[in-house]
Amino acid sequence: MKITNLGFPRIGRQRELKFALEKYWRGEINQSQLVQVADELKKLHWDWQSQAGVELVPVGDFAYYDHVLTLSATLNAIPKRHRALDSQGNESPIDLDTLFRVARGRAPSGQHACAAEMTKFFNTNYHYQVPELSQDQQFNIAYTQIFDEVTQAQSFGYQAKPVLIGPVTYLYLSKTIGEFDKLSLLPQLLEAYQQILTRFAEQGVTWVQLDEPVLAADLSGDWQEAIRHSYQFLAQHKPQSVSLLLASYYGSIAHHHALVSALPVEGLHLDLISDKNHLALFLATLSADQVLSLGVINGRNVWAADVDLIAEQIQAVASDLGDRLWIAPSCSLLHSPVDLDSEQQLIPELQGQLAFAKQKLFELTDLHVLLSRADLQAKQLIIDRCQSRRAAKAAHADQQVIDRVARLKANDFERNSEFSSRIFAQHQKLKLPLLPTTTIGSFPQTPAIRGLRSRWRKGEVSDEQYQSQLQWVTKDTIERQLKLGIDVLVHGEAERNDMVEYFAEYLNGVGFTQFGWVQSYGSRCVKPPLIYGDVSRPNAMTVEWATYAQSLTEKPVKGMLTGPVTILHWSFAREDISRETIANQIALAIRDEVVDLEQAGIGIIQIDEPAFREGLPIKQTEWQTYLNWAVNAFKLSAAGVEDQTQIHTHMCYSEFNDTIEAIAAMDADVITIETSRSHMELLNAFESFAYPNDIGPGVYDIHSPNTPSVEEIVELMTKAAAKIPVKQLWVNPDCGLKTRTWDEVEPALRNLVEATKILRRQY
Ligand code: GLN
Ligand code: ZN
4 MKITNLGFPR
14 IGRQRELKFA
24 LEKYWRGEIN
34 QSQLVQVADE
44 LKKLHWDWQS
54 QAGVELVPVG
64 DFAYYDHVLT
74 LSATLNAIPK
84 RHRALDSQGN
94 ESPIDLDTLF
104 RVARGRAPSG
114 QHACAAEMTK
124 FFNTNYHYQV
134 PELSQDQQFN
144 IAYTQIFDEV
154 TQAQSFGYQA
164 KPVLIGPVTY
174 LYLSKTIGEF
184 DKLSLLPQLL
194 EAYQQILTRF
204 AEQGVTWVQL
214 DEPVLAADLS
224 GDWQEAIRHS
234 YQFLAQHKPQ
244 SVSLLLASYY
254 GSIAHHHALV
264 SALPVEGLHL
274 DLISDKNHLA
284 LFLATLSADQ
294 VLSLGVINGR
304 NVWAADVDLI
314 AEQIQAVASD
324 LGDRLWIAPS
334 CSLLHSPVDL
344 DSEQQLIPEL
354 QGQLAFAKQK
364 LFELTDLHVL
374 LSRADLQAKQ
384 LIIDRCQSRR
394 AAKAAHADQQ
404 VIDRVARLKA
414 NDFERNSEFS
424 SRIFAQHQKL
434 KLPLLPTTTI
444 GSFPQTPAIR
454 GLRSRWRKGE
464 VSDEQYQSQL
474 QWVTKDTIER
484 QLKLGIDVLV
494 HGEAERNDMV
504 EYFAEYLNGV
514 GFTQFGWVQS
524 YGSRCVKPPL
534 IYGDVSRPNA
544 MTVEWATYAQ
554 SLTEKPVKGM
564 LTGPVTILHW
574 SFAREDISRE
584 TIANQIALAI
594 RDEVVDLEQA
604 GIGIIQIDEP
614 AFREGLPIKQ
624 TEWQTYLNWA
634 VNAFKLSAAG
644 VEDQTQIHTH
654 MCYSEFNDTI
664 EAIAAMDADV
674 ITIETSRSHM
684 ELLNAFESFA
694 YPNDIGPGVY
704 DIHSPNTPSV
714 EEIVELMTKA
724 AAKIPVKQLW
734 VNPDCGLKTR
744 TWDEVEPALR
754 NLVEATKILR
764 RQY
């Protein structure tokens, strides 16, 4: 049996790559200094993997910005606008700055050009640069980073296993410039892969890993055929000395079993975390000389694995397959933080419970020990550690929370009355004009506010000073909104760093790390909270801020909360209970806050769910199950209030057609959404569904520094009113305003209010 790895995070245990990149972009270091940091990281990561017993180290998992982008460069699939020209006007070779121009629209060298699109990589929070392919795209090797890295790894004495996104997934992820069938590019693309494999063979490479996560999706017949054809073609045309490991992950591929098991590849990697049944299914069809790589350690979480239980599960396979069995993480470790050894301040509940990327490799080492003929003492030590970890975890259970979720009844998820009666009661109470104006929650987070928060965290500012300065900011925010004439105000969220972290810090059962960073895109990383235990809310989280803001005005101030689905999705969640149960626990905590806000006199409460759609599974056939519990969790968080209390929700993405039923089922009294860029086309889904509740379609694109004019806003809302009865409409920006400046926000909101006055005269 061999230990193997699909890929390692590149960002560095202290985010060394991030800081080097940003310095390079700012011109503070030169390219060779940046490359040196990258080289040191690669070496360190290969060293760790080798120490853990990984014989074939992955190469090509490192990327200066994004591995999909590196592949585009390798394949010569870089948009013309990002290519630099030499003095004769010919295209210069692709280099590092070319990559940065694609990703960021600019680099220290070359002309600025509009950046390429970026989007989420399957069901992860990693974002990749979408390849742009035109019908006459020619693929050929145009950038040699991966070949250089093979040489690099070899120079340290390592056997390199290059890792590439497979041809079908690459096409699947790309977008076409002009209308044509992407798959028409496949023959050309396969020839380029053939060239790449030939080059690897010349370098002495014996195994190449081709990642086809697309297999986790439902594929139409032509895409299935593309898989079949690609691997048949590569089997026929690749050098004999190179073996292919076809890797799938992020979801079950059982639905493609017949297709995948018939592919002529030398090795198959299966994600057993997504589907335990993969093992029996594919074992039955494994050919006599095929290698089976089993993804048994979750590659995209932070929790220590039960290697003793895993060993029991694969014991029989291990003795049957011998050297043909490889053990691995389920997917690339890209989605895990790097190194637990950096953590100095873990709470006791988290100690012994975690494994980051580096530790996950050593879990494989432990698993190897358990499955080998090593001495019993060594085995027992590992088993004892697993058992005591489970015992410690069990001891932290919060029976009250568990019971409360178990006791939930159908009517806990429902408001007292239907929307039609609620909105009547709300109109009576709130007395808002037609087309009420509001904002989404945050107002500009000035350097002064950010500085204040960080000084307070460091203990340089006392609690009292912090409190009073934030009160001043809140008061200022309320006064500005009053002056602008907005109808439903917000307190501005100046006390919040991040809409999930803020709440996570108040909740029991949720912990934090110091260095648990995961790359989101390029140099951007996120540090998700860790939901390790049963979640509850020991104390009010927002009531003080909301009531303070409300005390300053007669107009309604919205209470502002983050919803359970979003908190769950933007955290690392425990895996010993279902996501549905965790969502319900968080929902109950939020519900407690909602009820407290109502009791404190807050008449409108917004529960943001911007990550609602992100939780959708890759396979459409699994959507409904997710939507059912996600909708319920939201409803549970909201349903504790009286009819006259108005519940808002907010979502900022641009696709509602396929989920409108679920959105309606959430039954928020008001939903505000991001629409300004879609010119209200997004409302079509709401129109054809005859969405019954109130909607605030965004009329101010907050991602742009531009001020929307009165005319533009009138035009957008007129379009909206053609689709949705005007009595259901609100007027608001697309999203929160925290990234903008007051100089941008005030004129925009002034126009928003002005436009609304014109509209009110019209309707
Ligand atoms: N209330 C949050 C804000 O305004 C919502 C942010 C979001 O939707 N991402 O900042
Ligand atoms: Zn938003």
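One gets our numbering by counting positions in the sequence shown from 1 and adding 3 to each.
Glycine included, C-beta positions come from ideal geometry on N, C-alpha and C.
Model, not experiment: these values are computed from the prediction.
(1) Could you tell me if the beta carbon of residue 677 falls within a distance shorter than 7 Å of some heavy atom in the ligand SAM?
(2) Alpha helix (DSSP H) containing residue 332: first to last residue?
(3) Quick one: residues in its chain with C-beta nearer than 6 Å to the C-beta of residue 120, no 5 flanking neighbours on either side, listed in chain order?
(4) Check the C-beta distance from residue 552 over to residue 477 and give it rounded, since I have them as a contact under 8 Å.
(5) Please report the straight-line C-alpha distance between residue 180 and residue 6, rounded to a whole angstrom.
(6) Any beta carbon from chain C within less than 8 Å of residue 100's own beta carbon?
(7) When you compare the CB positions of residue 609 and residue 643, do they come within less than 8 Å of one another, or not?
(8) Can you give, in chain order, each stretch of the alpha helix (DSSP H) that sits fully within the segment 566 to 649 and has at least 4 residues?
(9) Whole alpha helix (DSSP H) runs in the segment 296 to 368 with 4 or more residues, listed along the chain?
(10) Would residue 367 and residue 55 be called neighbours here (beta carbons separated by less than 8 Å)?
(11) Are residue 487 and residue 549 close, meaning C-beta to C-beta below 8 Å?
(12) Identify the continuous beta strand (DSSP E) that holds residue 698 and give its terminal residues.
(13) On the three-pair Cβ rule with 8 Å, is the segment 721 to 738 touching the segment 754 to 764?
(14) On the criterion of 16 or more Cβ atoms from any shown chain inside 10 Å, does residue 733 qualify as buried, or is it exposed?
(15) Is residue 739 near the ligand ZN - that is, is its Cβ less than 7 Å away from at least one heavy atom of it?
(16) When you compare the segment 75 to 91 with the segment 143 to 155, are there three or more beta-carbon pairs, one atom per stretch, that lie closer than 8 Å?
(17) What does the Cβ neighbour count give for residue 254, buried or exposed, with the cut at 16 atoms within 10 Å?
(18) Look up residue 424 in the DSSP assignment and give the residues it is bridged to.
(19) Does the segment 681 to 688 come close enough to the segment 426 to 440 to have 3 or more Cβ pairs within less than 8 Å?
(20) Start and end of the alpha helix (DSSP H) containing residue 666?
(21) I'd like to check one pair, residue 416 with residue 630: are the Cβ atoms closer than 8 Å?
(22) Going by beta-carbon coordinates alone, are residue 310 and residue 339 separated by less than 8 Å?
(23) Buried or exposed: which applies to residue 611, given that a residue is buried once 16 or more other Cβ atoms fall within 10 Å of its Cβ?
(24) Starting from residue 227, trace the alpha helix (DSSP H) both ways and give me its first and last residue.
(25) Cβ of residue 544 within 7 Å of any heavy atom in the ligand GLN?
(26) With a threshold of 6 Å on Cβ separation, who are the neighbours of residue 152 within its own chain once the five nearest residues in sequence on each side are excluded?
(27) Alpha helix (DSSP H) containing residue 164: first to last residue?
(28) Measure from the alpha carbon of residue 122 to the alpha carbon of each residue in 170, 167, 175 and 739, then state which is nearest.
(29) Since residue 758 is in the alpha helix (DSSP H), which residue starts that stretch and which ends it?
(30) Assign residue 538 to one of three DSSP states: helix, strand, or coil.
(31) When DSSP builds the beta bridges, which residues end up paired with residue 180?
(32) Going by CA-CA distance only, name the one from 626, 590, 322 and 220 that's closest to residue 404.
(33) Go ahead and label residue 766 buried or exposed: buried means 16 or more other beta carbons lie within 10 angstroms of its beta carbon, across all protein chains shown.
(34) Measure the Cβ-Cβ separation of residue 50 and residue 11 and say whether it is below 8 Å.
(35) Can you find a heavy atom of the ligand ZN that lies under 7 Å from the Cβ of residue 761?
(36) On the criterion of 16 or more Cβ atoms from any shown chain inside 10 Å, does residue 545 qualify as buried, or is it exposed?
Reading off the structure:
(1) Ligands present in the displayed structure are limited to the ligand GLN and the ligand ZN, and the ligand SAM is not among them.
(2) Within the sequence shown, numbered from 1, the residue matching residue 332 stands at position 329. First-last for residue 332: 328 to 332, but that is the beta strand (DSSP E), not the alpha helix (DSSP H).
(3) Locating residue 120 in the sequence shown gives position 117, where the first residue counts as 1. 133, listed in sequence order.
(4) Here residue 552 is taken as the residue at index 549 of the sequence shown, counted from 1. Here residue 477 is taken as the residue at index 474 of the sequence shown, counted from 1. Yes, residue 552 and residue 477 are in contact; Cβ-Cβ is about 5 Å, under 8 Å.
(5) Position 177 of the sequence shown holds residue 180. Position 3 of the sequence shown holds residue 6. So the alpha carbons of these two residues sit roughly 42 Å apart.
(6) Among the chains of the structure shown, chain C does not appear; only one protein chain is present.
(7) For the purposes of this step, residue 609 is identified with residue 606 of the sequence shown, where counting begins at 1. For the purposes of this step, residue 643 is identified with residue 640 of the sequence shown, where counting begins at 1. Cβ atoms of residue 609 and residue 643: not closer than 8 Å.
(8) Along the segment 566 to 649, the alpha helix (DSSP H) occurs as fully enclosed runs of 4 or more residues at 567 to 572, 582 to 602 and 626 to 641, listed in sequence order.
(9) Fully enclosed alpha helix (DSSP H) runs of 4 or longer: 310 to 324.
(10) The sequence position of residue 367 within the sequence shown is 364, counting from 1. The sequence position of residue 55 within the sequence shown is 52, counting from 1. Contact: yes.
(11) The residue labelled residue 487 in the question sits at position 484 within the sequence shown. The residue labelled residue 549 in the question sits at position 546 within the sequence shown. In this structure, residue 487 keeps its C-beta atom at 8 Å or more from the C-beta atom of residue 549.
(12) Position 695 of the sequence shown, counted from the start, is the residue given in the question as residue 698. Counting along the chain, the beta strand (DSSP E) containing residue 698 begins and ends at 697 to 700.
(13) yes
(14) The sequence position of residue 733 within the sequence shown is 730, counting from 1. So residue 733 counts as buried.
(15) Reading the sequence shown from its first residue, position 736 is the one you call residue 739. Result yes, Cβ under 7 Å from the ligand ZN.
(16) yes
(17) As a first step, residue 254 must be located in the sequence shown, where it is residue number 251. Residue 254 is buried by the Cβ-count criterion.
(18) The residue labelled residue 424 in the question sits at position 421 within the sequence shown. Listed as beta-bridge partners of residue 424 by DSSP are no residues whatsoever.
(19) no
(20) Reading the sequence shown from its first residue, position 663 is the one you call residue 666. 663 to 669 is the span of the alpha helix (DSSP H), which, as asked, contains residue 666.
(21) The residue labelled residue 630 in the question sits at position 627 within the sequence shown. The residue labelled residue 416 in the question sits at position 413 within the sequence shown. It is not a contact, given that the beta carbons lie outside the stated cut-off.
(22) By one-based count along the sequence shown, residue 310 stands at place 307. By one-based count along the sequence shown, residue 339 stands at place 336. No.
(23) The residue you call residue 611 lines up with position 608 of the sequence shown. So residue 611 counts as buried.
(24) As a working note, residue 227 is residue 224 in the sequence shown. Where residue 227 is concerned, the enclosing alpha helix (DSSP H) stretches over 224 to 240.
(25) Counting from 1 along the sequence shown, the entry for residue 544 is found at position 541. Not under cutoff, so the answer is no.
(26) Locating residue 152 in the sequence shown gives position 149, counting from the first residue. So the list reads 62, once near-sequence residues are dropped.
(27) On the sequence shown, position 161 is the one that residue 164 refers to. Premise fails: residue 164 lies in the beta strand (DSSP E), 162 to 168, not in any alpha helix (DSSP H).
(28) Here residue 122 is taken as the residue at index 119 of the sequence shown, counted from 1. Nearest C-alpha to residue 122: 175.
(29) By one-based count along the sequence shown, residue 758 stands at place 755. From DSSP, the alpha helix (DSSP H) with residue 758 extends over 745 to 765.
(30) Here residue 538 corresponds to residue number 535 of the sequence shown, with the count starting at 1. Here residue 538 sits in strand by DSSP.
(31) On the sequence shown, position 177 is the one that residue 180 refers to. 137, per the DSSP bridge assignment.
(32) Here residue 404 corresponds to residue number 401 of the sequence shown, with the count starting at 1. If we check each option's Cα against that of residue 404, 590 comes out closest.
(33) Here the question's residue 766 lines up with position 763 in the sequence shown. Residue 766 should be labelled exposed.
(34) In the sequence shown, residue 50 corresponds to position 47, counting from 1. In the sequence shown, residue 11 corresponds to position 8, counting from 1. In this structure, residue 11 does not lie closer than 8 Å to residue 50 by Cβ.
(35) Taking the sequence shown and counting its residues from 1, the one referred to as residue 761 is at position 758. For the ligand ZN, not one heavy atom lies less than 7 Å from the Cβ of residue 761.
(36) In the sequence shown, residue 545 corresponds to position 542, counting from 1. Result: buried.
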